[in-house]
Amino acid sequence: MPENEPAQKKIGVYLCRCGGNIGDVIDLQAVADSLKRENVIVNIQDYLCSSAGQEKIKNDIEKGKTDRALIGSCSPKLHLETFRSMAKNAGLNPSLLEITNIREQASWVHDKESKESVNSKARGLIKGAVARISSIEALVPLEKKLVDRTLVVGGGIAGITTALELADGHEVMLIEKQPYLGGHMIGLSKTFPTLDCSQCILTPKMVAVHNHPGITMLTQTEVADVKGSAGDYSITLKHSPRYVDIKKCISCGACARKCPSGAIFLPFAQAVPQAYMIDMSKCKNCGACVKVCPRDAIDLDAKETTSSVSVGAVAIATGFEPINPSFIEEYNYPAPNLLTAVQFEEMLSAKSKTGMRLQKADGTFPDRVAFVLCAGSRDFTGRGKKYCSKVCCIYSQKQAQLVKKMKEDAEAWIFYIDMRSAGRRFEEFYHHTQEKGVNYVRGKVAEIIPQKDSTLMVQYEDTNLGMKGREIFDMVVLCPALVPSAGTKELADKLGVPLGDDGFVEEKHVKLDPVNTLNQSVFAAGCVLGPKDIHDSVTEGISAAHKVSQFLGKGMILIPPEKPMILECNGCGDCVKACPYNALALEGGKAVLSPLACTGCGVCVPACPIKGIEIRNFTRNQLKTQLKAILGEGPGVIVFIDPYAYAAADIAGVNRRQYSSLIRFVSVPSIHILDADVINAAFEHGASGVMLIEGTTDEKLTSRSDELYKKLKKDTRKHKKPLRYSHIETAQYEKLTDLLNVFAAQAGAKAEKRSRKEQADEKESAAE
Amino acid sequence: MRKETILPESKDTAFRDLIIKSPGGEKIPTCMQCGICAGSCPVSHEMDYTPRQLVRMIQLGLRKEVLNSNTVWICTTCFSCSVRCPRGIHPTELMETLKPIAMSEGIRNKNAKFDNVFSDVIKKNGRASEFLLISKYSLSEPGMIKQAPFGFSLFSKGKLPLSVDKMEDTGELDAIFKLGEKTEEKAETKTNPGKKETGEKENAEPETEK
Chain L
401 MPENEPAQKK IGVYLCRCGG NIGDVIDLQA VADSLKRENV IVNIQDYLCS SAGQEKIKND
461 IEKGKTDRAL IGSCSPKLHL ETFRSMAKNA GLNPSLLEIT NIREQASWVH DKESKESVNS
521 KARGLIKGAV ARISSIEALV PLEKKLVDRT LVVGGGIAGI TTALELADGH EVMLIEKQPY
581 LGGHMIGLSK TFPTLDCSQC ILTPKMVAVH NHPGITMLTQ TEVADVKGSA GDYSITLKHS
641 PRYVDIKKCI SCGACARKCP SGAIFLPFAQ AVPQAYMIDM SKCKNCGACV KVCPRDAIDL
701 DAKETTSSVS VGAVAIATGF EPINPSFIEE YNYPAPNLLT AVQFEEMLSA KSKTGMRLQK
761 ADGTFPDRVA FVLCAGSRDF TGRGKKYCSK VCCIYSQKQA QLVKKMKEDA EAWIFYIDMR
821 SAGRRFEEFY HHTQEKGVNY VRGKVAEIIP QKDSTLMVQY EDTNLGMKGR EIFDMVVLCP
881 ALVPSAGTKE LADKLGVPLG DDGFVEEKHV KLDPVNTLNQ SVFAAGCVLG PKDIHDSVTE
941 GISAAHKVSQ FLGKGMILIP PEKPMILECN GCGDCVKACP YNALALEGGK AVLSPLACTG
1001 CGVCVPACPI KGIEIRNFTR NQLKTQLKAI LGEGPGVIVF IDPYAYAAAD IAGVNRRQYS
1061 SLIRFVSVPS IHILDADVIN AAFEHGASGV MLIEGTTDEK LTSRSDELYK KLKKDTRKHK
1121 KPLRYSHIET AQYEKLTDLL NVFAAQAGAK AEKRSRKEQA DEKESAAE
Chain Y
168 MRKETILPES KDTAFRDLII KSPGGEKIPT CMQCGICAGS CPVSHEMDYT PRQLVRMIQL
228 GLRKEVLNSN TVWICTTCFS CSVRCPRGIH PTELMETLKP IAMSEGIRNK NAKFDNVFSD
288 VIKKNGRASE FLLISKYSLS EPGMIKQAPF GFSLFSKGKL PLSVDKMEDT GELDAIFKLG
348 EKTEEKAETK TNPGKKETGE KENAEPETEK
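Chains as they are written, first to last, in our numbering: chain L, 401 to 1168; chain Y, 168 to 377.
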C-alpha cells in the first residue's frame, strides 16, 4: 500500500434497492446500520444507475465527502463501466470505485433461505468490500496500441455484412470454411416474407466482397491457433487444398469436360470465388485436367498450408447447422422422401442438383407434403434441444406456399405445436399461407413410418379436437433444431469467448450488448448467437461492424492494471520459469515484468519462494482483510471465483437458480494468485469450507490447476476443513449451482460434526 | 358428451398439488400440450380424455373429471408417451398415481370394474382365464348382457374354454400382491390429508388461480 495516502479515507457506501429486486429481499437499512461503526457514509437509493442515483454519488465525490465509493447493486459486469466513467468525470480515480454484487449473487438466488441468512450474507459481503476498498490503491490502466485489422470468421450473410460494413474504414480479412461464400443463405430458395429469391439478393453482396480492395477473402480456411492478447492477436490460419488456383482459373470448364470421374467441378453457377475445385475422393489422378487447362491452374499435389495474420479484433459469424434428426427414433430418419428442411431448400436453390425442381426419390412431384415442426426442439429431457429454433414456423409456411405455387392441387400440411410467426409482416404471411389452402394441424407428430411404396405414414393427435389421426404423404420435411456449426466451441475456446449452455456464443449483455462477447476484442453476429432469420443476421452484422469500428477507432486498448509488483527479489528465477506468457525476465539479477505481455494471471505469486510478488489490489493482506470482514458477519463458505466462472454465477442469478446462502463469492482475477496463506486465513476467520472455481479455458492456466490444488490441500490440511477445486465454464451455471449446494451441505455437515465433537470433548474435560 | 363450464369452484388446487408432488408428477406444470403422448398412444382413441387432456385437467385441478375418466384404466402401460414426452412428463406413472386415488374415492366405472375383476382372477389363479373374466365381469356390469350373442358364438367356436388354468404354487404371487396392498395403503394415507385440505382451501382458490 502506498504510504503517502491520507490516513483517513472517506468511504461512501451506496446501496441499490433495484426497484424491489434487491430491496424486497435484503434489509438494506439493516445493512446500513451495521456499518455505523465503520466510519463510512451510507446512502440507499431505489435505482442507483438512474441519473438521480449517479448524481448523488457524483455530488458526494465533487464535494469531497467521498474519496472511495463502494456500490452494492447488480453485477459489476452490468454497470461497473457506467459507474466508473461517472467517477472519472467527477474527478475520482475509477479504480477506487468498486461494485459488490448483491443481486445476481444474493437477492435473486436465495428465495428458499431464511431472510436472516440472506441478510447476514449481504452484510458480510458489503463489510468485506468496505474493508477491501479501504485497502486498495489507485491504479491507472495501461494502454496498448491496437492492430487496425479485423478477422471475420464465417462467410455467410452475417459475416459478409460485417465485412462489407467495416471494410470502408478498416482492413478486413474474411475467412470461410467452405470453398465458396454465402453460407446457408446461398442454399435457400425464396425468402420469407417477401418471396424474393435468395441468390438475387445475396450474389451481389458476394461479388462486392470479392471485389472490395479492403477485404482479403480466403475460402477453405479455418482458425488453427490464436496467440497474443486482446487487441493484438497473432492468428494462424489453416488452408485446405482446392487443387485449383483461384486467381488463375477462368471457369472455362475445359477440365470438367475432360475429367473421366466428375471429380472437378464448379460448386454452382453463381459461386464466389468463380473457380473450379476437385473432390479428391473421386479423383483418379489421371492428370487429364492438368493437361487441358489453358491457364495452368491445376496442381494435383497441393497440400494443406498455413499462414499467419495479426489482427486487433475478431468477429465470429460461424452460423448454424441443422441437427441430424436420426436420434428421434420414432421419425425413422433417414428414409426415402423423408428430408430435412435444409435439404428441401437446397433442392430449390442455386445449389440445386435437380434443376431447381421439387421431386421425390423417383423423380416425380410429391402431391402430398407434410412439414413436421420442432424436430428435436423444445425438448427438456436431454434428448433434443431446449430452445425454440425460431425460424421454422415461418420458413415451413413459406415452403408450403412454394409447394402450392408449383402445383395448385398439391396438398401441404404443417404439423406445429405453437405457430410462432411473430414479427413485422409475419402474421400477414401466416394469413396468406392459410388463404393458399395449406392445412394446419396443431399437434406434435408422434410417428413417421416409411411404407413399402416409399410413401410415409404420419401419426399424430389433432390437439384442437383431441382426436388421433393418420395420414399418408409422398414427402415429409422435418424442421430440425438449429445448432451452432461444428467447431464453434473450439474456436470460442481459442479466443477466450464463453458459450452459453445451449452452445451459442454468450453475449456481453443479453439485451444491451447483444453483439459484444465477454472478450472486449471479440464480437459476434448471426446464428452463432442463436437461431435467427436473414433480417436479424444482417442487423447484427451491421451492429458488429459498428462495434468493431468503435473499438478499433480508439487506437488504444486499456489493459487492467492489476499486475504483479515485485517487492523483493533474490534473483532465483522461479517466477520467470513459472510465467506462462513469458512476461517476466531476469535483468541484472532481478526479475522484471513486461506489463503488456502479462495477463495478470498471478502464477508468479505463489511461485516466489520469498513471497516477494503480489498482485496489485489483490495482495495477500488485502484478501485476508476482506475475508476477515466477510466472515465477521457469520460463518460461510468462501468461494474464490475467476471472471469466467463469475459470469456463470451471474447467469445462474438471472435464471434464479437457487443455492445455499452460505456461499460467499470472493472475486479474483485468477485462482492462481492464491497460496496457502490466504486459504488458511479464510479457515482461521471461520470459513466452514473453501472452494476455488475456475472458468477460464486457457490451457496454460488450467493445466496447472491440479497441481495448485494438491499443493494447497497439503498446506492447509491442519484445519481439517474441506477445500475443493472445480472447473466451471460460463455455460455450466446449472452445474455450478448444483456443486455449490453439495459443497455447502458437505462443509456444513463437517462443521456440525466438529462442533459436536468439541462439545463432547468439553463435557469430558469438565467431568474430569 | 355434456360439457361443464370451467368455473373457479370446479378447480381443486390441493388435488393438483398432490398429483404434482407425487413421483414423476413434478414436470406436469411444464406440459405444452403438444399431443405426442396421445399421438403415440395405441389406445388413446378408446379414452374419453387423451393423456394430453388428462394432464391439462390436472394442471387446472379438475378433480372430478380426472378421477371419473376412463383414461387411467384404458392405459396399457406401454410407456410410449413417457419415452417421447419432450418435457419429461411420465403419463404412465401418472396413471398409477391416479388409480388408487380413484379407488379410494369409490369410483367404479365399468373400466375400473374390469380392472378389479381382472386382478382378482390373477390373484386367485396366477393366470388369466377368459371364461372367469367374462362371467365375473358380466355379473358386475349389467350392460354386458348385450354381448351375450357374441359370447355364444365365441364359445361355439371353442374360443372361450371353460377350463381354468391355474399356477401350481401361488405363494410367491400372494407375496407380490401383499406388497402391492401395502403400497396402496401408504398411498391412501397420503391422499387423505389432501382431502381435508380441499375443504379448507376452497375459498382461497379463485385467488390462487390468478
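We put the CB at the ideal spot given by N, CA and C, even for glycine.
Note that the coordinates shown come from a computational prediction; the quantities given were computed from them, not determined experimentally.
From the options, residue whose alpha carbon lies closest to that of residue i
i	options	result
L986/L	P980/L, L996/L, C975/L	C975/L
E213/Y	V284/Y, T243/Y, G255/Y, I186/Y	T243/Y
Y1044/L	K908/L, V644/L, I457/L, D511/L	K908/L
A810/L	I817/L, D818/L, A800/L	A800/L
L261/Y	A279/Y, P316/Y, L340/Y, L185/Y	L185/Y
I1013/L	L996/L, L984/L, A1029/L, T1025/L	L984/L
F1065/L	S634/L, T500/L, V540/L	T500/L
S1197/L	D596/L, P980/L, I1015/L	The first residue shown for chain L is 401 and the last is 1168, placing residue 1197/L beyond what the model contains.
K963/L	T718/L, I1015/L, A886/L	I1015/L
L300/Y	D332/Y, P316/Y, E272/Y	D332/Y
K638/L	A663/L, V644/L, E704/L, L700/L	E704/L
Simplified DSSP assignment, three categories, for residue i
i	result
Y787/L	coil
V714/L	strand
H909/L	strand
Q1146/L	helix
T740/L	strand
K990/L	strand
P316/Y	helix
C597/L	strand
L399/L	The structure shown does not extend to residue 399/L, since chain L is modelled only from 401 to 1168, so the question has no answer here.
D632/L	strand
Q445/L	strand
E374/Y	Low local confidence applies: a pLDDT of 38 at E374/Y is under 50, so the model's placement there is unreliable, with the coordinate-based value given in what follows. Residue state, collapsed to three classes: helix.
A983/L	coil
F1040/L	strand
I225/Y	helix
P175/Y	helix
Residue i classed as buried or exposed, judged by whether at least 16 other C-beta atoms fall within 10 angstroms
i	result
S473/L	buried
C649/L	buried
M334/Y	exposed
T375/Y	With a pLDDT of 37 at T375/Y, under the threshold of 50, the modelled position of that residue is not reliable, and the figure given next carries that caveat. Exposed, because fewer than 16 other Cβ atoms sit within 10 Å of the Cβ of T375/Y.
I173/Y	exposed
T594/L	exposed
A675/L	buried
T123/Y	It is not possible to answer for residue 123/Y, since the shown part of chain Y is limited to 168 through 377.
G273/Y	exposed
P358/L	Here chain L has residues from 401 to 1168 only, and residue 358/L is not among them.
Residue j beta carbon less than 7 angstroms from that of residue i
i	j	result
R151/Y	F182/Y	No answer is possible for residue 151/Y: the residues shown for chain Y start at 168 and end at 377.
Y860/L	F815/L	yes
A924/L	V915/L	yes
I635/L	V623/L	yes
A563/L	V607/L	no
L1101/L	V877/L	no
K356/L	D874/L	Nothing about residue 356/L can be read from this structure; chain L reaches only from 401 to 1168.
Y731/L	I817/L	no
S1088/L	A1147/L	yes
P725/L	A770/L	no
A1048/L	Y1133/L	yes
L525/L	S495/L	no
Near the ligand NAD: residue i beta-carbon under 6 angstroms from a heavy atom
i	result
T1102/L	You won't find the ligand NAD in this model; it holds no ligand whatsoever.
Open item on the list: Which complete beta strand (DSSP E) runs does the stretch 999-1030 of chain L hold, if anything under 3 residues is left out?
Closed with: For the stretch 999-1030 of chain L, whole beta strand (DSSP E) runs of length 3 or above, ordered along the chain, are 1013-1015.
Open item on the list: As an exercise, report each continuous alpha helix (DSSP H) stretch of at least 4 residues that is fully enclosed by the stretch 535-591 of chain L, in chain order.
Closed with: Taken in chain order, the complete alpha helix (DSSP H) segments of 4 residues or longer contained in the stretch 535-591 of chain L are 557-567.
Task: Any beta strand (DSSP E) of 3 or more consecutive residues that is wholly inside the stretch 828-853 of chain L - done: Listed in chain order, they are 839-842, 847-850.
- [ ] Enumerate, from N- to C-terminal direction, the unbroken alpha helix (DSSP H) stretches of 4 or more residues contained entirely within the stretch 861-912 of chain L.
- [x] The stretch 861-912 of chain L contains these whole alpha helix (DSSP H) runs: 888-895.
- [ ] Only counting runs of 3 or more residues, tell me where the beta strand (DSSP E) segments fall wholly within the stretch 747-805 of chain L, in order along the chain.
- [x] Counting whole runs of 3 or more residues, the stretch 747-805 of chain L contains the beta strand (DSSP E) stretches 768-775.
- [ ] Could I get the ranges of all uninterrupted beta strand (DSSP E) runs contained in the stretch 623-704 of chain L, with 3 residues as the minimum, in chain order?
- [x] Complete beta strand (DSSP E) runs here, min 3: 632-639.
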